[in-house]
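Contents: one structure, followed by commentary.
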Amino acid sequence: MSEKKLHNRSFEVFGKSKFFASQLRIALRNCGYIDPENLDDYLNVRGFEALAKVLTGMKSEDVIAEIKKAGLRGRGGAGFGSGLKWELVAREKSDQKYVICNADEGDPGAFMDRSIIEGDPFTVLEGMAIAGYAVGSDKGIVYIRAEYPLAITRLEKAIDAARKANLLGNNILGSKFSFDIEIRLGAGAFVCGEETALMQSIEGHRGMPRPRPPYPSASGLFCKPTLINNVETWANVPVIIVEGSQWFASVGTEKSKGTKVFALAGKITNTGLVEVPMGTTLRHVIFDIGGGIPKGKNLKAVQTGGPSGGCIPVELIDTPIDYDSLAKVGSIMGSGGMIVIDEDSCMVNIAKYFLEFTQSESCGKCTPCREGTKRMLEILTRITEGQGKEGDIEKLERLGNTIKKASLCGLGQSAPNPVLSTIRYFRNEYEDHIKNKKCTAGACSKMIRFEINDKCIGCGACYETCKFDAIEMI
Amino acid sequence: MEKEKDQKFKELKEYISSFKSKEHSNSYLIAVLHKAQELFGYISQDVMNEVSVAMNIPTAHIWGVATFYHYFNLSPKGKHTVSVCMGTACYVKGADKIIEAIKEDLQISIGETSSDGLFTLQEARCLGACGLAPVVMIDDKIYGNLTAQKAIEILRKYKNQ
């Protein structure tokens with residue numbers, strides 16, 4: 109790797125340990141390498157070079173063409189083509205346009221956006237400013253979770269420093285381009301990660317999504333054309349501009365370019381953030397980078413995409429990680445949570461956990477999501493408590509498919525995924541719970557039964573110690 | 255006590271007026287509620303009424319917003335807020351056992367405050383410290399790699415402070 113390249117400087121700090129050796133760090137390139145509160149440090153790693161390049165020698169169409177050629181797709185989950193999104197906003201005619209950074213990272217188990225902002229806040233600002241130039245906007249907003257106080261502080265400091273250096277504000281670097289960024293705080297509502305809900309929240313309302321179209325590119329924040337991308341997407345932008353779209357497009361697969369950051373967690377030896385080229389297999393991430401499953405246990409499944417994603421069974425562990433391959437096996441890329449599940453976990457219980465989450469985070473605006481997830485959760489709870497009935501699985505499938513089709517926003521449309529994917533791959537576990545009233549993993553505590561066998565000599569020790577008087581002397 | 259309260263209301267009003275000159279000043283409602291919670295610890299009906307007058311937004315709308323977002327408390331909290339992370343990584347590593355142990359130790363359920371007024375127990379969505387799972391956050395401090403036993407010991411330390 110040549111010294112001049114923007115990416116993979118992390119080797120200089122962390123060395124080529126097994127954990128880092130097969131990673132390719134684009135979005136995370138400066139995390140842990142520079143002082144995130146020092147603008148000079150960022151400038152030293154060719155920070156703001158991309159912005160300067162754009163302002164001095166590129167037309168806005170050129171910038172958009174470059175992003176398009178790079179094949180960058182939204183890293184927030186859905187994987188919409190970023191270049192196309194930028195173009196749609198650029199085409200709109202309006203007195204005011206907005207550029208938003210979605211830092212409302214709500215997926216439990218994902219923390220890459222937080223790390224990028226905490227470790228390299230300037231890159232997000234630079235990416236947004238470049239987009240501002242490309243689409244003709246002078247106002248950027250970062251919508252960030254209130255649960256991330258350090259990220260907020262670092263972002264505030266970065267904005268201040270960039271303003272002082274004329275990298276934000278009026279006539280940036282002496283050009284005609286002006287762009288400023290403001291921070292808005294979320295207040296703990298998962299649904300606000302959905303773009304229309306997020307904009308409602310910025311406007312000071314309850315964060316409820318609305319039907320699309322009109323898409324934000326036509327009518328977004330305060331009914332103005334709005335470009336909204338996720339933190340990780342923004343962090344990729346400066347690299348594409350400096351290194352060129354051709355280089356970026358050479359990384360990854362045919363349809364998914366570049367890298368993706370995953371938050372590796374759960375039953376795995378090395379937890380943490382891992383950035384790998386698209387197309388890397390799950391096996392490689394879990395066993396080579398993640399170091400496998402601790403305590404000699406066996407891998408059972410991998411959950412990707414958080415509460416909107418699905419569980420991929422161990423048989424499919426050679427699936428390459430890209431938007432389309434993951435969708436094919438019933439999961440999604442999502443924001444990049446990757447939870448490793450071993451044989452001690454019950455898949456029905458895991459599905460219930462995710463549904464509990466989406467059910468309580470459902471904003472209640474549309475019926476399929478509000479009522480449907482509730483009914484699904486009731487059925488799942490019944491199954492995990494040993495009260496499952498014949499036909500429950502079919503009912504879950506029917507409900508799940510209806511909710512997917514009929515819900516208003518991404519939250520509802522993806523809420524049944526964890527249930528449907530576990531039914532698809534672990535149907536026998538559901539059947540075991542329903543027919544045999546048995547949880548093989550021993551995770552569903554209400555289904556555990558004890559039996560006193562023939563070895564009992566009637567010593568009475570259990571009778572004496574039982575806290576709940578569950579043993580009766582007859 | 256009254257005086258202190260007046261001072262806080264004054265600070266809140268000043269904060270609100272700092273947005274007056276901005277475009278779409280009403281959109282700063284959530285920021286104002288954050289400030290109110292920081293000042294008073296929770297958002298009471300009185301506070302909502304004050305905000306309503308100062309920002310010219312109906313109290314009903316403010317109520318709607320304050321109840322929509324989990325971050326806002328509508329009742330007073332204990333001295334320490336104990337948030338047990340129920341994110342996926344923590345859950346897989348036994349966060350449910352930790353929360354059960356704390357519930358039993360403090361004799362409260364989720365969202366309640368212990369009788370000595372010291373602890374309020376909360377479930378957190380994901381604290382983004384999945385590498386340290388399972389974690390508990392007490393006020394602003396994160397405790398990682400916990401077991402039920404360790405969590406109780408940490409609570410003891412806070413009790414004895």
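First to last, the sequence lines map onto chains H and R.
Throughout, my numbering is defined as the position within the first sequence, counted from one, plus 108.
Throughout, my numbering is defined as the position within the second sequence, counted from one, plus 254.
All residues carry an ideal CB built from backbone N, CA and C; glycine is no exception.
Owing to the predicted nature of the structure, the values given are computational and were not obtained by experimental measurement.
Judged by pairs of C-beta atoms under 8 Å, the segment 390-399 of chain H does not touch the segment 498-509 of chain H, as fewer than three such pairs exist. Burial state of residue 199 of chain H is exposed, judged by a 10 Å Cβ sphere holding fewer than 16 other Cβ atoms. DSSP places residue 139 of chain H outside both helix and strand once states are collapsed to three, so it counts as coil. Per DSSP, reduced to three states, the secondary structure at residue 481 of chain H is helical.
The bridge partners DSSP lists for residue 337 of chain R are R/376 and R/391. With fewer than 16 other CB atoms across the displayed protein chains lying within 10 angstroms of its CB, residue 307 of chain R is exposed. Closest option to residue 153 of chain H, judged by alpha-carbon separation, among H/162, H/159, H/163 and H/142: H/142. Counting the other CB atoms within 10 Å of its CB gives residue 211 of chain H a total of 16 or more, which places it among the buried residues. Of R/274, R/346 and R/367, the smallest CA-CA separation from residue 376 of chain R is found for R/367. The beta-carbon distance between residue 419 of chain H and residue 538 of chain H, rounded to whole angstroms, is 13 Å. This is too long to meet the 8 Å contact definition. Residue 318 of chain H is classed as exposed because its beta carbon has fewer than 16 other beta carbons within 10 Å across all chains shown. Chain H places a beta carbon closer than 7 Å to that of residue 283 of chain R, counting this residue as a contact.
Bounds of the alpha helix (DSSP H) holding residue 227 of chain H are 220-227. 447, 449, 453 and 461: these are the residues of the segment 446-471 of chain H whose beta carbon lies less than 7 Å from some beta carbon of chain R, given in chain order. When DSSP reads this structure, residue 521 of chain H sits in no beta bridge, so it has no partner.
Under the three-state reduction of DSSP, residue 291 of chain H is assigned to strand. Taking the C-beta atoms as reference points, residue 302 of chain R is found no nearer than 7 Å to residue 284 of chain R. Ranked by Cα distance from residue 324 of chain R, the options R/352, R/309, R/379 and R/277 are led by R/379. As DSSP reads the structure, residue 181 of chain H sits in a beta bridge with H/189. Counting only residues of its own chain and dropping the five nearest sequence neighbours on each side, residue 323 of chain H has a CB closer than 8 Å to the CB of 196.
Non-local beta-carbon contacts of residue 247 of chain H in its own chain, meaning distances under 6 Å to residues more than five positions away in sequence, involve 206 in chain order. Annotation for residue 455 of chain H: the continuous alpha helix (DSSP H) segment containing it runs 455-469.
DSSP, read as helix, strand or coil, puts residue 446 of chain H in strand.
In this structure, H/298 is the residue among H/524, H/298, H/331 and H/316 with its C-alpha nearest to the C-alpha of residue 218 of chain H. Residue 310 of chain H reaches chain R at 281, counting residues in chain order whose Cβ is nearer than 7 Å. Under the Cβ distance rule, residue 334 of chain R does not count among the residues neighbouring chain H, no pair being separated by less than 7 Å.
Taking 7 Å as the CB threshold, residue 293 of chain H lines the interface with chain R. Between the C-alpha atoms of residue 443 of chain H and residue 300 of chain R there is a straight-line separation of about 40 Å. DSSP lists H/207 and H/289 as the bridge partner or partners of residue 248 of chain H. Across the segment 310-324 of chain R, CB contacts with chain H closer than 7 Å involve 318, 319, 322, 323 and 324, in sequence order along the chain. For residue 369 of chain H, the beta-bridge partners assigned by DSSP are H/383. Rounded to whole angstroms, residue 291 of chain H and residue 136 of chain H show a C-alpha spacing of 22 Å. Residue 524 of chain H counts as buried, since at least 16 other C-beta atoms from the protein chains shown sit within 10 angstroms of its C-beta.
In its chain, beyond the 5 residues on either side, 492, 493 and 494 have a beta carbon closer than 8 Å to the beta carbon of residue 554 of chain H. In its chain, beyond the 5 residues on either side, 429 have a beta carbon closer than 6 Å to the beta carbon of residue 388 of chain H.
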